[in-house]
Amino acid sequence: MQIVKAIVRFIAVCGICAFAVSASSYDIRDARLSVQSFDGSPRLTEKFATKHDATQVKVLDAEADDVIRFSFSIASDASGEAMDLEMIPQQTWVVLSNADPNQPTRSFVWPLRVRESSASASFHLRMDKLPKEVRQMLAANGDKYTYALTLLLGAFASSEQSQLDALSLPFLHLRFSQGLLARFSSHAASSRAIAEAQDGFVPLPQRSHTFATEPWQSMPPTALSLVIAIGVFVGPWLMLQMLWKPYLRTRSSLTLPETLLLISVYALEVLALLYWAGAPVFIVGPTALLLGSGAFLSGREAVAKPYIL
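First residue of the sequence shown: 1, per full-length UniProt numbering; consecutive thereafter.
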């Protein structure tokens, strides 16, 4: 509200000073007002050659998907020509306020940037992107008010020749339905939510991970796994038997190193099966190292003696 009072005071001062020196004021040229939905469907289109063409302000029932665009060039109503650099307004705003001056409400201001090369500016407003303060104000006031979008132009002149009266030009009136206001109120954050966000007591968003393929979906069938397990377990024993078969024909009994070698190899096979079934590695590792050392020592003595095939 203080900002709006300062704007009004500034415009009044500019107007008094300009009236005392010159009757010229700011004007607009080639202004275009359009209201469209998100899909590009037009709802309202207006063109203003000068500010005098905007005397009859249209009233629009705002929708949630409305996009308001207002573009214009700035000129002097005396010459009608483009602005000199020193005469370009220093303050250019669009103000949303109550259209009835007898029922003042809180107002909101959007500063505009004037392009010095062309002395033009544009305003863009989406209903779904209204600031949170605007949504809260509209929801609190209800649908009993009609609001005006007003263009304000003014400047502090550097010389008497560049003094122009400030311009206050309403270009669109807006009405907000109960349904749209209900949507605004549902999006308005509560005082508790604002306090929690400021103090940092906000729950973290849930994180979920979705894998392309679950591990159990890529495993082979149970029958195939069983066949492979039997082959891994029995295969080394069959190879060991084939290698030792000629040697065992010449022996009636096994010596102690040969017995220890066979026991160590058998234990290693069982240990490999247990590891494949899920035995922890910190148990399998030391045990395999101990059995491997026993198989190495006993096997070196068992196979050291030559024999004839």
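C-beta: ideal position from N, C-alpha, C; glycine also. All values derive from a computational prediction rather than experimental measurement.
For residue i, three-class secondary structure by DSSP
i    : result
I170 : Note that residue 170 is Pro in the sequence shown here, rather than Ile. Correct three-state label for P170: strand.
I263 : helix
L243 : helix
Q36  : strand
S22  : The predicted position of S22 is uncertain, since its pLDDT is 44 and thus under 50; no value can be drawn from it.
Q91  : strand
P131 : coil
L112 : coil
A272 : helix
L164 : coil
F176 : coil
N141 : helix
H52  : helix
L254 : coil
A99  : coil
A31  : strand
L204 : coil
R126 : strand
P236 : helix
E225 : Reading off the sequence shown, one finds Ser at residue 225, where the question assumed Glu. Note: S225 maps to helix in three-state DSSP.
S185 : helix
A195 : helix
G231 : helix
A64  : coil
R106 : coil
Residues near residue i by beta carbon distance below 7 Å, same chain, minus five either side
i    : result
L153 : Y26, I74, P89, T92, A166, L167
S177 : D61, D143
R271 : Checking the sequence, you will find Leu at residue 271 rather than Arg. Around L271: V284, T287, A288, L291.
A267 : L291
Same chain, Cβ closer than 8 Å to residue i, neighbours up to 5 away in sequence not counted
i    : result
S253 : none
Q103 : Y145
G200 : none
E63  : S37, R43, M127, L180
T255 : A302
Beta-carbon proximity of residue i to residue j, cut-off 8 Å
i           : j    : result
D65         : D128 : yes
residue 314 : R183 : In the structure displayed, the chain extends from 1 to 309; residue 314 sits before or after that span and is not available.
F108        : E86  : no
L149        : S76  : no
R126        : V67  : yes
A139        : L181 : yes
L273        : A295 : no
I28         : T50  : yes
F123        : L112 : yes
P257        : S298 : yes
Cut-off 6 Å between Cβ atoms - residues of its own chain near residue i, not counting five sequence neighbours on either side
i   : result
S34 : T45, R69
R43 : V35
T37 : Checking the sequence shown, residue 37 turns out to be Ser, not Thr. Closer than 6 Å at the Cβ level, and outside the excluded window around S37, lie D65.
A23 : Note that A23 scores a pLDDT of 48, beneath 50, so its modelled location is shaky; the value from the coordinates is reported in the next line. Hits under 6 Å: none found.
D30 : S73
For residue i, the first and last residue of its enclosing alpha helix (DSSP H)
i    : result
K47  : K47 -> not in any alpha helix (DSSP H); beta strand (DSSP E) instead, spanning 42-48.
I283 : 281-302
Start-to-end residues for the beta strand (DSSP E) that takes in residue i
i    : result
W149 : First, the amino acid is wrong: residue 149 is Leu here, not Trp. Where L149 is concerned, the enclosing beta strand (DSSP E) stretches over 147-154.
D61  : 59-61
S117 : Careful: S117 lies outside any beta strand (DSSP E) and carries neither H nor E.
A75  : 67-76
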